[in-house]
Amino acid sequence: PIHGSDATLGGNVTYDGGATISGRGVCVGLSANPAVGGTCFSTSGTTGVFTVSATGLTANTLYHYRAYATNSAGNGYTTDDTFTTLALN
Numbered sequence: 099p100i101h102g103s104d105a106t107l108g109g110n111v112t113y114d115g116g117a118t119i120s121g122r123g124v125c126v127g128l129s130a131n132p133a134v135g136g137t138c139f140s141t142s143g144t145t146g147v148f149t150v151s152a153t154g155l156t157a158n159t160l161y162h163y164r165a166y167a168t169n170s171a172g173n174g175y176t177t178d179d180t181f182t183t184l185a186l187n
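Number 187 marks the last residue of the sequence shown (the working numbering); no jumps.
Shown next as structure tokens:
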């Protein structure tokens, strides 16, 4: 669900690239293709479906997001997508 200042987002790590997954989560930002090093919300685990709670967001704002997974070769990302937080009443 998406609210005024938070959203539940997620992804699915389907392959580890032959190396141990050391991190996974979702990065969010105001411009396309947010990346690790920016605003990201992480969770533990390796392959499989996961969700994270993205908090501290601004109400009534368009955000870009990408799920990511990290291994020794670097970061892998999903394609960029968007959502808009709800206006606060």
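Backbone N, C-alpha and C fix where the C-beta goes; we use that ideal spot for every residue, glycine too. Given the structure is predicted, the values throughout are model-derived calculations rather than measurements.
Those residues which DSSP pairs with residue i across a bridge
i	result
Thr149	Gly108
Ser140	Gly123
Leu160	Thr182
Candidates the options: closest to residue i by CA position
i	options	result
Thr168	Ala130, Thr145, Ile100	Thr145
Pro99	Arg164, Tyr166, Ser140, Thr153	Thr153
Gly174	Ser103, Thr156, Gly109, His101	Gly109
Leu128	Gly172, Asp179, Tyr161, Tyr166	Tyr161
Ser120	Asn131, Thr141, Arg164	Thr141
Assigned secondary structure, residue i (DSSP; H/G/I helix, E/B strand, else coil)
i	result
Gly174	strand
Ala167	strand
Same chain only: Cβ atoms within 7 angstroms of residue i, ignoring 5 sequence neighbours per side
i	result
Val147	Gly108, Asn110
Ala130	His162, Asp178
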